[in-house]
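Enquirer: Chains as they are written, first to last, in my numbering: chain A, 654 to 1057; chain B, 654 to 1057.
The beta-carbon is built from N, C-alpha and C at its ideal position, and this holds for glycine as well.
1) Kindly list the residues whose CB is nearer than 8 Å to the CB of residue 942/B, restricted to its own chain and excluding five residues on each side of it in sequence; keep chain order.
2) Under 8 Å, Cβ to Cβ, is there at least one residue of chain A near residue 728/B?
3) Looking at C-alpha atoms only, which residue of 974/B, 683/B, 887/B, 1029/B is the closest neighbour of residue 928/B?
4) Given that residue 672/B touches chain A, what residues does it touch there, using C-beta distances under 8 Å?
5) Give the C-beta separation of residue 822/B and residue 659/B to the nearest angstrom, bearing in mind that I take them to be a contact with Cβ-Cβ under 8 Å.
6) Rounded to the nearest angstrom, how far is the Cβ of residue 762/A from that of residue 720/A, given a contact under 8 Å?
7) Does the beta carbon of residue 721/A come closer than 8 Å to any beta carbon on chain B?
8) Among the candidates 850/B, 832/B, 918/B, 825/B, whose CA atom is the shortest distance from the CA of residue 887/B?
9) For a cutoff of 8 Å on Cβ pairs, would you count residue 725/B as touching chain A?
10) Cutting at 6 Å between CB atoms, please list the residues of its own chain near residue 664/B, excluding the five before and the five after it.
11) If distances are taken between C-alpha atoms only, which option among 767/A, 854/A, 921/A comes closest to residue 910/A?
12) In three-state DSSP terms, what is residue 893/B?
13) Candidates 950/B, 1009/B, 935/B, 934/B: which alpha carbon is nearest residue 921/B's?
14) Would you say residue 740/B and residue 711/A are within 8 Å of each other, going by their C-beta atoms?
15) Under the assumption that residue 998/B contacts residue 851/B (Cβ atoms under 8 Å), give the Cβ distance between them as a whole number of angstroms.
16) Could you give the DSSP three-state label for residue 705/A: helix, strand or coil?
17) Run through DSSP, which three-state label would residue 993/B get?
18) CB residue 990/A to CB residue 891/A, shorter than 8 Å?
19) Would you report the Cα separation of residue 1001/A and residue 731/A, rounded to the nearest angstrom?
20) At a cut of 8 Å, does the region 862 to 877 of chain A reach the region 832 to 847 of chain A through at least three beta carbon pairs?
21) So that I know if they touch, is there some Cβ in chain B lying closer than 8 Å to that of residue 869/A?
22) Residue ranges of each beta strand (DSSP E) run of no fewer than 3 residues wholly in the region 671 to 744 of chain B, ordered along the chain?
23) Since residue 666/B and residue 679/B are thought to touch, with beta carbons under 8 Å apart, how far apart are those beta carbons, to the nearest angstrom?
24) With C-beta atoms as the reference, is residue 992/B less than 8 Å away from residue 1024/B?
25) In its own chain, which residues sit with a C-beta less than 7 Å from the C-beta of residue 837/B, not counting the 5 before and 5 after it?
26) Check whether the region 1025 to 1036 of chain A and the region 973 to 988 of chain A are in contact - that is, three or more C-beta pairs closer than 8 Å.
27) In the structure shown, what three-state DSSP assignment does residue 811/B receive?
28) Chain A partners of residue 747/B, CB-CB under 8 Å?
29) Alpha carbon to alpha carbon, what distance is there between residue 729/A and residue 706/B?
30) If I measure Cβ to Cβ from residue 872/B and keep anything under 6 Å in the same chain, skipping five residues before and after, which residues do I get?
31) Going straight from the alpha carbon of residue 1038/A to that of residue 1012/A, what length do you get?
32) Please specify which runs of the beta strand (DSSP E), each continuous and at least 3 residues long, are wholly inside the region 798 to 870 of chain B, giving them in chain order.
33) Taking only runs that begin and end inside the region 992 to 1023 of chain A, name each unbroken alpha helix (DSSP H) of 4 or more residues, in chain order.
34) DSSP three-state label for residue 665/A, please.
35) Could you name the residues of the same chain whose beta carbon sits closer than 6 Å to that of residue 1048/B, not counting the 5 residues immediately before and after it, in chain order?
36) For residue 669/B, go through chain A and note every residue whose CB falls closer than 7 Å to its CB, in chain order.
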């Protein structure tokens, strides 16, 4: 039995017409000889509307009851999609997460899948049925309904495909993963093939379609993921081990840029291990998402620390620093909210040295100052003044072949 | 533990504001020392909207998938009501029919409750929680979701109250059962107390708030039912064994009238047992809902049969008669769609003779011809020309004390 798990997102089933079109796409796959399992998200804005209803009832809805509410969204779309398939003459059957015993942890709204009992699905597939499954949801040992949080339906699809030993196809409203958001880099190139690690880095930068969690799970099971458009036949992107083996020339696979961070520089810290620990320890306790960190110790033994964090956490950061200044009046700080944070990601960096040097040279030749920089094995992230964002994206995009 | 099961219909939870008001009403009952179980219907027009969605997908939605779709309606309202209760500081927990193992037959869309496992409810009540249960739904042995059809939520409430050994209160948008629909009988009187049999007769006439099925179930378990208004404190109606014992003077409890029936009179039938059987046998096979039947045999051995049936079944009835005429050309028929069917119901008829006579006398004094009449132990039904409907209602309403 050739099994394929297809996942259709909320915009793909956003109307009755689209549901009928998705049914046709599924039938096409079925005719190619596949046993098809379909994961569906809630229709269009349904989840948002349900959240609004809850917020109208109370500012602070109970997470368990929130899950009870939100799981209805997918239940509506699976039943409608099954009706559409049946009306087109194909046997189909829908199941909720609880019905399939998609067992999760009991952390409501952010549950994680523990195990899936696929016997019911296999039984239906053997009866030649298309099985339509509610994504994003599961059930605890105690029969309480749970949801999986952001990216949950993708995670449901990957988990089911891994368990069933089938292919996994994620259909959405874009036709694949691009080297960069095409709204930011004109002529950004569609990536034919990308590795799990690169995709995870790009996903954690908020770039491109897939959520970190689903890719991480696919990586764990070495399950190839196809990402493509619901309503177009153009070739999408494969996410798989090793990425694009045939394209060794590609050093940089993708790029992302964010205008949502600030750079904070703290001057005249006492130079000691505990100084750094105390600063970032307090940030952590207050839930500040510190990203890049850079430090320098001057000849007279004073320490400078610079870091980036989301602009929306400015008041928390300033509160921590003001409190600290009461104990150590010599410290001062500067905040720059006018930065752009640029990240370039590429598995090729592992084998191609000098990528950072090439980036620095490009910036220097164009008189663009790098405010802070950090590197990891397959990623370089740096900040520049916000006015330069467009120029930097253009320079790197062209220098590293990220455009068509 | 004093347990009460309260049921709130769709209009009672039709908006976020109403849900919050219902929460206050529940809290009031809780403060009176009751352990409260609440059954809720889907919000306002939700069920209608879901049905429209399904009909947009296909003219003929699969019943199983229809149930999958419709059960979301109550799941939304139970979660919102629980959130409202919790936000007001009371511990509450919602459960779907499948979660509570409300076991039903497997006839989708018209399932019947077989048994309820109340252990989960009892556990929550012992933890001092308010338990909010989705009405109208259940689950088969095979874990398939089902709905109970019309009047389903009332039936859920009665079944739960019977099983839990608690009181049962049905809250709706009217403040009780009236002697007649007040739109038809001005000054119709609210009934303080009515027997199961009377209520079943009135329910099957389409009169008054409660569905036949829920009353039938309450009668089976001799469970007193209270019917009252969600948003008013005025005294409602008790439905209980024996009705209003203290009011023996009341012979007639209620009245209903319908303009949706026609009278068909078939002339010159062969006078034989098989004649009647053949006529009504065919009607039954074709699903015609024959109500009143009256027959007469003339001196020359010909039979006249008159009966009533819904006007919307006219073409089916004529089809049957035309087919029969081919075999028996001597028969002919008349159809009168301009009748009003009036029913009076009262437990008092059992002990008070002469009710029918009193009705006939009233009609005769006012020159109103009775077209057909049938009587049962506690009901008299008769048809008059439609033009007399208002007059007849007024005459009987006043003669039998059905008005304030």
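Expert: Per the coordinate set shown:
1) Same-chain partners within the cutoff: 962, 963, 966.
2) Judged by the 8 Å Cβ criterion, residue 728/B is in contact with chain A.
3) Nearest of 974/B, 683/B, 887/B, 1029/B to residue 928/B, Cα basis: 974/B.
4) Among the residues of chain A, those whose CB is under 8 Å from the CB of residue 672/B are 710, following chain order.
5) Indeed they touch by this definition, with Cβ atoms about 5 Å apart.
6) Going by Cβ atoms, the distance from residue 762/A to residue 720/A rounds to 6 Å, so yes, they are a contact pair.
7) Chain B contact via Cβ: present.
8) Of the residues 850/B, 832/B, 918/B, 825/B, the one whose Cα lies closest to the Cα of residue 887/B is 825/B.
9) By this cut-off, residue 725/B is an interface position.
10) Excluding sequence neighbours, residue 664/B sits near 826.
11) The residue with the shortest Cα to Cα distance from residue 910/A is 854/A.
12) Secondary structure at residue 893/B: coil, using DSSP grouped into helix, strand and coil.
13) By alpha-carbon distance to residue 921/B, the top candidate from 950/B, 1009/B, 935/B, 934/B is 950/B.
14) Yes.
15) Contact holds; Cβ gap of about 5 Å.
16) It is helical.
17) Here residue 993/B sits in strand by DSSP.
18) Going by C-beta atoms, residue 990/A is not nearer than 8 Å to residue 891/A.
19) When rounded, the distance between both Cα atoms is 42 Å.
20) With the cut-off at 8 Å, the region 862 to 877 of chain A and the region 832 to 847 of chain A do not touch.
21) Taking Cβ atoms only, chain B never reaches closer than 8 Å to residue 869/A, which makes this a no.
22) Entirely contained in the region 671 to 744 of chain B, the beta strand (DSSP E) runs reaching 3 residues are, in chain order, 688 to 693.
23) That pair is no contact at about 11 Å.
24) Yes; because the gap between Cβ atoms is below 8 Å, this pair is in contact.
25) Correct list, in chain order: 910, 1046.
26) Taking a contact to require three or more Cβ pairs closer than 8 Å, the region 1025 to 1036 of chain A and the region 973 to 988 of chain A do not qualify as touching.
27) Looking at residue 811/B - three-state DSSP - the assignment turns out to be helix.
28) The answer, in chain order, is 718, 721.
29) Roughly 10 Å between the two C-alpha positions.
30) Excluding residues up to 5 positions away in sequence, 849 lie with their Cβ nearer than 6 Å to the Cβ of residue 872/B in the same chain.
31) About 16 Å.
32) You should have 798 to 800, 820 to 825.
33) Whole alpha helix (DSSP H) segments, 4+ residues: 1008 to 1018.
34) Note: residue 665/A maps to helix in three-state DSSP.
35) Result list for residue 1048/B: 1015, in chain order.
36) The contacting residues are 706, 709, 710.
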